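If you read the sequences in order, they're chains U and X.
Numbering-wise (the working numbering), the first sequence opens with residue 1 and increments by one.
Numbering-wise (the working numbering), the second sequence opens with residue 443 and increments by one.
Glycine included, each C-beta is placed from N, C-alpha and C at the ideal position.
From a predicted model like this one, the values you see are computed outputs, not experimental measurements.
In what follows, a structure is listed as structure tokens, so that the remarks can point back to it.
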Amino acid sequence: MFDNLSSKLEKAFKTLKGQGKITEINVAETVKEIRKALIDADVNYKIAKQVTDTIKDNAIGANVLTTVSPGKLMVKIVNDELVALFGGKTEEISTEGNPTIILMAGLQGSGKTTHTAKLANFIKRKGKSVMMAACDVYRPAAIEQLKVLGAQIDVPVYFEEGNLNPVSIAANAVKHAKENNARVIIIDTAGRLAIDEQMMNEIGDIKKTIKPHEILFVVDAMTGQDAVNTAKAFNDVLDFTGVILTKLDGDTRGGAALSIKTVVEKPIKFVGMGEKMEALDVFHPDRMAQRILGMGDIVTLVERAQDVFDKEESDRIQKKLLKDQFTFQDFLSQIQQIKKMGNLKDLMGMIPGVGKAIKDLDVSDDAFKHIEAIIYSMTPKERETPDIINGSRRKRIASGCGRDIQEVNQLLKQFDEMRKMMKTMNKFQGAGRSMKGLPFMR
Amino acid sequence: MGIFSFFSKEKKEKLDQGLEKTKTSLFEKISKALVGKSSVDDDFLDKLEEILVTSDVGIETTLKIIDRLQKRVAKDKYTGTSELQNLLRQEIALLLDENKSEIPVDFSDLQGKKPYVIMVVGVNGVGKTTTIGKLANQFKKAGKKVVLGAGDTFRAAAVQQLKIWGERNEVHVVEHGMNTDPASVAFDAVKYAVDNGADVCIIDTAGRLHNKINLMTELSKIKRVMSKVLDGTPHEILLVLDASTGQNAFEQAKQFTAATEVNALALTKLDGTAKGGVVIGVADQFKIPVKYIGVGEGIDDLQLFNKHEFVDSLFKS
């Protein structure tokens, strides 16, 4: 996602390549490039200047290290500076209070309603009872939107048809959550401009009335130079406790994140990475800095996989594998689990080294579509016992899914090989177990 | 009718108000930077760079403006603050002018098309649906019969949102409900407009990030389908940009243009940002004209963009 920034920095470092050590002159060139790259990445002008000044000082101080190439040294210096700017460690959301009250605030179109639901989903998956409250009484159908999302993730939504006072809706929602023993209540509010005094007072009143434990400022990662002013204005009124950075799955360089963190000194707690309800990640400052430098983010990938993979389903498939009963039906359910993890390109982008390679590559989300189509065209019996799929069945499947018969053959062959491979693996495991059973193997 | 006269006094006040933040920032900052200076030195140019960059003009365009200004100053010999303001104003006006495009002077001019079909595209949350609501209002006020197509069938309650705008404006909304094929909504909306003698047909689409290839392909398809009903449609492919967006706006314009041949821009939320500067950068960097600007939350707060008025507004003290 920070592809552009990292490739620009790489270019900046290239100026240093082939030079023995960092001097005031050659660092000046590079620093200028870094500054331009940062500004181009929407990092606030003043902050970019500040960062590059620090980098310059550190770089010149480090010129004694002749064993490391200047380029690598600069990477490290920039990385260190970015990590420092992002604030070192991951920050969790508050669990204080009963219920924990979370207030969402931000500009129009930043993604408050979507992220209210994503956050509710996130909390629900942690096993807590959660509720949402629809307090956006201004935008047409905003309440309806939250209701639809609530139904999607199976989280109750508190709303008052006809009540045009968000302060009283919020207060009633908190009361309602208490009465219904919800552990967390998330209050969605209308988007507002930082310069709209009346609306800013309104959200100030909501805060005073419900005394939230957590106030999250929702901000579009694509925001430009004004991010600093907006964040400051919201912080002045709300003294918010954290930031949700949305739409990071775009190709924005996301410099606004850096600016906001620096100016209001509030942690970024979550990042929104897609349109699916699962596409919400905890913000990891260290990973983000590494990402800026194009080092990938394998940890996020693994965590997301763990989160989405249904434990029971995995166990069930594992068992079937052991018994050599893996069927097309299981295969289909595995594909569906992978698809739940989100956009394939995003997933691949998190693997170190891959991000840059696939920058311009078209990775279709439909990679599995044909395979699924073929399996869907099989009868339940065929899926369970693939061995019965003879020539005429193949022909029927092919015409049923609109793919070539060769493609059907190929899938059957691959599936067969996969089963054979699993069988071999099982044998080894089985052998290990049986050997353990022998007295001398203890 | 003169270029300026279409702006009624009231409209102009709204533009001035909407740009209040931009105006005071740009104008006052430049004045401040000039205090006690008798010549254009590096220090001033540095400050000017900062002012323009922090107004989201973008680094390329900023450097271009500064470069031109330097040349002008060397040639014309600058003497006072007001003169420099003037030079800068001329340069910015020139940048906007280079982008040769004919923006109609009012909403009743549909360039001889009936129905005039507009397809609205953009990333999530820029204000597409709201812009459509405001556009419908303006066309309606200009005495046009308007039809809307609820092509955002993806985001929760988006169809509902457009229908509410339809009710407010008393215009017909063609819809197939949520999670239906947006291309077929577009097809039916244009068909309805043709069959019912509508003057304007505006098609909403779901917000999408421009790096999602599947979604961009879907957009191309929606566009293609319309021409099957009526050749040459959509006449206008309107990319909606949020004025508070930074440099990513350029990438958005590039990708959406690649997918759908965008030929007009709408800049929304201009009232909320100190950074109307993005208009200058956008006009300079793409050769797509800014056609509409959103300057407030009211249903009437959408205007056809007039570059002369805009520059005037920026520099009026």
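{"Item": "Would you grab the beta carbon distance between X/Val704 and X/Val565 for me? Rounded to a whole angstrom, and I think it's under 8 Å.", "Value": "Contact doesn't hold; Cβ gap of about 13 Å is too wide."}
{"Item": "Name the residue from X/Lys696, X/Phe757, X/His750 and X/Asp673 whose alpha carbon lies nearest to the alpha carbon of X/Ile730.", "Value": "X/Lys696"}
{"Item": "Which chain X residues are close to U/Lys124, counting only those with a beta carbon under 9 Å from its beta carbon?", "Value": "Simply none; closest approach about 17 Å."}
{"Item": "Give me the Cα-Cα distance between X/Asp483 and U/Gly274, rounded to the nearest whole angstrom.", "Value": "47 Å"}
{"Item": "Output needed for U/Asn121: all residues of its chain with C-beta closer than 8 Å, excluding positions within five of it in sequence on either side, in chain order.", "Value": "Ile153, Val155, Met277, Glu278 and Leu280"}
{"Item": "For X/Glu612, name the three-state secondary structure that DSSP assigns.", "Value": "coil"}
{"Item": "As a quick exercise: from X/Val753, X/Val682, X/Val721 and X/Val632, pick the residue whose alpha carbon is nearest that of X/Gly567.", "Value": "X/Val682"}
{"Item": "Any idea what DSSP makes of U/Val264, helix, strand or coil?", "Value": "helix"}
{"Item": "Show which residues of chain X have a CB atom less than 7 Å away from the CB atom of U/Pro140.", "Value": "Gln603, Ile606 and Trp607"}
{"Item": "In whole angstroms, what separates the C-alpha of U/Ala41 from that of U/Ile338?", "Value": "32 Å"}
{"Item": "Can you find the residues in the same chain that come closer than 6 Å, C-beta to C-beta, to U/Val299, ignoring five residues on each side of it along the sequence?", "Value": "Any reading at U/Val299 is ruled out, since the residue's pLDDT is 49, under 50, leaving its predicted position unreliable."}
{"Item": "Is there a Cβ of chain U sitting closer than 8 Å to that of X/Asn611, yes or no?", "Value": "no"}
{"Item": "Which value, in whole angstroms, describes the spacing of the CA atoms of U/Phe234 and U/Gly250?", "Value": "24 Å"}
{"Item": "Do the region 577 to 585 of chain X and the region 736 to 755 of chain X touch if we need at least three Cβ pairs shorter than 8 Å?", "Value": "yes"}
{"Item": "Going along chain A, which residues have a C-beta under 8 Å from U/Ser110?", "Value": "Among the chains of the structure shown, chain A does not appear; the protein chains present are U and X."}
{"Item": "Contact defined as beta carbons within less than 8 Å: I believe U/Glu214 pairs with U/Ile102. What is the distance between those atoms, to the nearest angstrom?", "Value": "5 Å"}
{"Item": "Are the C-beta atoms of X/Asp743 and some chain U residue less than 8 Å apart?", "Value": "no"}
{"Item": "Please classify X/Gln689: is it buried, with 16 or more other beta-carbons within 10 angstroms of its beta-carbon, or exposed?", "Value": "buried"}
{"Item": "Run through chain U and tell me which residues come within less than 8 Å of X/Leu709, C-beta to C-beta.", "Value": "Chain U residues near X/Leu709: none, gap ~13 Å exceeds 8 Å."}
{"Item": "What residues in the region 206 to 225 of chain U bring their beta carbon closer than 7 Å to a beta carbon of chain X?", "Value": "Asp220, Met222, Thr223, Gly224 and Gln225"}
{"Item": "Within 8 Å (strictly less), CB to CB, does U/Tyr158 reach chain X?", "Value": "no"}
{"Item": "Please give me, in chain order, every unbroken run of the alpha helix (DSSP H) with length at least 4 that falls completely inside the region 680 to 757 of chain X.", "Value": "690 to 702, 719 to 727 and 749 to 757"}
{"Item": "So with CB distances below 7 Å, who are the chain U contacts of X/Leu651?", "Value": "Lys247, Asp249 and Gly250"}
{"Item": "Give me the chain U residues within the contact set of X/Ala625, using Cβ-Cβ distance strictly less than 9 Å, ordered along the chain.", "Value": "Here the premise fails: no neighbours, minimum Cβ distance about 17 Å."}
{"Item": "Kindly indicate which three-state DSSP category X/Ser447 falls into: helix, strand or coil?", "Value": "Confidence in X/Ser447 is poor, its pLDDT being 32 and thus under 50, which makes the residue's placement unreliable; the coordinate value appears in the next sentence. In the structure shown, X/Ser447 sits in coil (DSSP, three-state: anything other than H, G, I, E or B)."}
{"Item": "Measure how close the beta-carbons of U/Phe326 and U/Arg396 come, nearest whole angstrom, since I'm counting them as under 8 Å.", "Value": "Actually they are not in contact, since the Cβ atoms of U/Phe326 and U/Arg396 sit about 23 Å apart, beyond 8 Å."}
{"Item": "Is there a Cβ of chain X sitting closer than 8 Å to that of U/Gly294, yes or no?", "Value": "Confidence at U/Gly294 is low in this model, with a pLDDT of 49, below 50, so the placement of that residue is unreliable and no value is reported for it."}
{"Item": "Kindly list, in the order they appear in chain U, the residues whose Cβ is closer than 7 Å to that of X/Ile644.", "Value": "Result: empty, since nearest Cβ-Cβ is about 16 Å, beyond 7 Å."}
{"Item": "Report the residue from X/Asn528, X/Arg531, X/Thr702 and X/Leu707 whose alpha carbon sits nearest the alpha carbon of X/Phe747.", "Value": "X/Leu707"}
{"Item": "Can you name the residues of chain X whose CB is closer than 8 Å to the CB of U/Asp53?", "Value": "Here the premise fails: no neighbours, minimum Cβ distance about 14 Å."}
{"Item": "Suppose contacts are defined by Cβ-Cβ distances below 8 Å. Is U/Thr230 in contact with U/Ile206 by that definition?", "Value": "no"}
{"Item": "Should U/Glu372 be flagged as near chain X, meaning a C-beta pair shorter than 8 Å?", "Value": "no"}
{"Item": "To which residues of the same chain is U/Arg35 closer than 7 Å at the C-beta, ignoring the five residues directly before and after it?", "Value": "Ala48, Lys49 and Thr52"}
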